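These notes are about the structure you will find just below.
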Amino acid sequence: MRQKSQSQEDAALRKALVNMRYGKCTPEDIKFLRTLQAGRRENQPKVSAKEFRNIAIICGRHTQKDEINTLGCQRFADETGQKLTHFYSIDKWGKEKDPASKSKWGKSKFAPKSKHKSNEIPFDEQLEIWKLRHGATDNFAGKLSLCLGMPVMIRNNDATELCITKDQEGFVVGWQAERGPHGKQVLDTLFVKLHKPAKTIKIPGLPKNVVPLVKSSRTIECILPSDNKESIERSQVNVLPNF
1 MRQKSQSQED
11 AALRKALVNM
21 RYGKCTPEDI
31 KFLRTLQAGR
41 RENQPKVSAK
51 EFRNIAIICG
61 RHTQKDEINT
71 LGCQRFADET
81 GQKLTHFYSI
91 DKWGKEKDPA
101 SKSKWGKSKF
111 APKSKHKSNE
121 IPFDEQLEIW
131 KLRHGATDNF
141 AGKLSLCLGM
151 PVMIRNNDAT
161 ELCITKDQEG
171 FVVGWQAERG
181 PHGKQVLDTL
191 FVKLHKPAKT
201 IKIPGLPKNV
211 VPLVKSSRTI
221 ECILPSDNKE
231 SIERSQVNVL
241 PNF
């Protein structure tokens, strides 16, 4: 929770959600929840209202969220008169652990091995990997389509003292990029203005609440359209669009 205050409505919602979890909603809970139900009547919230235009949608499936983010990125760029800039990850074949090599304590008895002769990924295969939706790559994006002002969500705890924490929301205010493998643009640093951080952040040389996010590396498991799985060592800035 990143709330700095709590209204009566916040308290009522918290109580209703707790009761809902245990299947014990009271008549008061149900009455309150119905006041939040969107609809066409005058006294109902309108999903099309301006304040809800770029509010993130919580989905039950990654496939739904990925599609909403894809459509949201293009819509946001069109509405703000911008063009999307595409930033690609730097990928190499990773090493995979053989499940049969685990000891009874769960630790591997042998070093991970690569099933590829080289860790370099051929261009044709790399293109297909970049096309994968974010949920198929451990939510570590192969391609980020960004423009200024776009809402994003930080996906890793990089610096808690600077409020650069997982699920912190923010808005793109700038970036530094370079030309990477296969001639694609690669993010070096993404500058994000934090949305309602737990405290005010002031980094010398940057505006209030603006923080730099640098690319990081980790090994992920990619699920291909064929349902085959590949281990990939990926370098990318760990954020996702937040629609």
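In full-length UniProt numbering, the protein residues as written are 1 to 243. Just so you know, even glycine gets a beta-carbon here, dropped at the ideal spot from N, CA and C. Just so you know, these numbers come straight off a predicted model, no measurement behind them.
Is it the case that the Cβ atoms of residue i and residue j are separated by a distance below 8 Å?
| i | j | result |
| --- | --- | --- |
| Lys193 | Phe171 | yes |
| Gln82 | Leu148 | yes |
| Ala16 | Leu33 | yes |
| residue 244 | Trp93 | Residue 244 lies beyond the range of the chain shown here (1 to 243); nothing can be said about it. |
| Pro151 | Asn242 | yes |
| Glu96 | Ser231 | yes |
| Asn54 | Leu240 | no |
| Pro197 | Gln168 | yes |
| Leu146 | Leu84 | yes |
| Val47 | Ala38 | yes |
| His195 | Phe123 | no |
If you follow the alpha helix (DSSP H) that residue i is part of, which residue opens it and which one closes it?
| i | result |
| --- | --- |
| Phe32 | Pro27 to Arg34 |
| Glu128 | Phe123 to Lys131 |
| Glu9 | Gln8 to Arg21 |
Quick one: measure Cβ to Cβ for residue i and residue j, integer angstroms, because I've assumed they're closer than 8 Å.
| i | j | result |
| --- | --- | --- |
| Ile201 | Cys163 | 6 Å |
| Arg155 | Asp66 | The Cβ separation is near 14 Å, so there is no contact. |
| Pro27 | Leu36 | Not a contact, Cβ separation roughly 16 Å. |
| Gly174 | Phe191 | 4 Å |
Tell me where the beta strand (DSSP E) around residue i begins and ends.
| i | result |
| --- | --- |
| His86 | Thr85 to Tyr88 |
| Leu144 | Lys143 to Leu146 |
| Glu233 | Lys229 to Gln236 |
| Thr219 | Ser216 to Ile223 |
| Leu240 | Val239 to Pro241 |
- Message: Under 8 Å, with one C-beta from each stretch per pair, do the region 208-216 and the region 153-160 reach the 3-pair mark?
- Response: yes
- Counting pairs of Cβ atoms below 8 Å between the region 228-241 and the region 85-98, do you hit three or more? Cβ pair count under 8 Å is three or more, so yes.
- Please confirm if the region 121-139 is in contact with the region 212-228, defined as three or more CB-CB distances below 8 Å between the two stretches. Output reads yes: the region 212-228 touches the region 121-139.
- Could you tell me which uninterrupted alpha helix (DSSP H) segments, each at least 4 residues in length, are contained entirely in the region 37-90, listed from first to last along the chain? 62-79
- Output the residue ranges of the beta strand (DSSP E) runs that lie fully inside the region 155-201 and measure 3 residues or longer, sorted by chain position. 169-179 and 185-194
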